[in-house]
Structure formats: C-alpha cells, structure tokens
Amino acid sequence: MFLHVCRLSPNKAVARIQDAISRKETVMIFGDYDVDGVSSVTILVKALRKLGVDLLWRVPVRLCEGYWIRPQAVIDSKEQGIHLIITVDNGIAELEAVDLARTSSMDLIVTDHHYIGHQLPNANALVHPTLGDYGRVEVTNGSSNDWSKKDCKCARSLRSIMAEKRDSCGKSQRKERRSRS
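Residue 180 is where the sequence shown ends in numbering that gives the first Met the number 0, and the numbering goes up by one at each step.
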C-alpha cells in the first residue's frame, strides 16, 4: 500500500508566493511545451493572477532552448528583475539551473512529476508526487493511474492551502489585489 505525502514544500511554496505578493515582486512561471506543461502554466497563471501576483510566464522553444528550465532562462529572468521562479512540469532534474538561481539570489519553487535523478535540486520548495516527507522516493506500482492520482493529491493539497490563505485575507486586501489586475 502506498501512503502518499507531498514533499514538505507545499506550505513553503505558498509562504514564498505570499511573500512575493506582499513585496510586489514579479514572479516567473516556467513551463514546458507539451500538453501537461502548457496546461500547468495556464492554470497557475490564472490562479496566481486572481491572488494578485504580478507575473510573467515562459515556455521554452524546444528547437532552440531544449526541454525544461536551463541556465540561460535563469539569467534572462534575473535580467528582467525576477526574484522568484516557479517551474511547472520541470525542474526536478535541472540541478545546474536551480543552483544558478540560488547563487543569483533568486528563489525557486519546483513543481514536477518527472523521474528524479541521483540528487534533488536545491530549490526553496519542492512539490513532487513521489517524495515522502523525508525526501526519499516512495515505490509505487508504476501504473499511469497511480501517478495521476498522486499528481492530483499534490495539486489538491497546494490548492487547499492557497484557498485557506486566500480566505484568511481581509476583504480590503482582496479588493486591492483585484484593482491591480
């Protein structure tokens, strides 16, 4: 039997997003060009805009930028004044790009479901369906249905935490955020 726990980071991810809102930072959402990557970017952009996040988004051009987040994307984001990058559908194996973001005084939240290599990235927060609360990879039966259930659990967990945080905001804060949209 598989007991699923999202990696320690949904709360850390939400807290960092809230910091970005309060500091009026611009956030970069970095996706992937395939169906789940583009869908993830779309959903996160819409949700974060409703929360008042000032953001940009980027999906790499596969033929010239390759897959996933690369160091050049981090450099470009830094030049645009970005302080927080949130990856969707990528980042779990991109150690070089994550390290560059951290050494460039940028924060990075990785949300991904792909295979984890020999080392976890040094991100501020990780949300991945196979990581237990101690960072070890949990073994599943490997079926795609099993993976999708775990992805949904992570998404529901993050969504419910954000909803709680949103509901705890005062009405005046919500009106202010809407006026900035």
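Think of the CB as a built atom: it goes at the ideal place given N, C-alpha and C, for glycine as much as any other residue.
Bear in mind the structure is a predicted one, so any value in this text is a computation, not a measurement.
Within the DSSP secondary-structure output, ALA124 pairs in a beta bridge with ILE108. With respect to the 8 Å criterion, VAL58 and GLY80 are not classified as neighbours on the basis of their beta carbons. By the Cβ rule, the region 114-122 counts as touching the region 84-93, because three or more pairs are nearer than 8 Å. VAL52 sits in coil when the DSSP states are folded into three classes, being neither helix nor strand. In this model, ALA124 and CYS63 are separated by some 28 Å (Cα to Cα). In this structure, TYR66 is the residue among TYR66, ILE115 and SER104 with its C-alpha nearest to the C-alpha of GLY30. Here DSSP, grouped into helix, strand and coil, assigns ARG57 to strand.
Sequence-distant partners of LYS11 (beyond 5 residues in either direction) whose C-beta falls short of 7 Å from its own C-beta, in its chain, are ASN123 and ALA124. Apart from sequence neighbours up to five positions away, the residues of its chain that approach ILE68 with a beta-carbon distance below 7 Å are PHE29, THR86, ASN89, GLY90, GLU93 and ALA96, ordered along the chain. Judged by their CB atoms, VAL26 and VAL60 are not nearer to each other than the 8 Å cut-off. The straight-line gap separating the alpha-carbon atoms of THR129 and LYS23 is approximately 33 Å.
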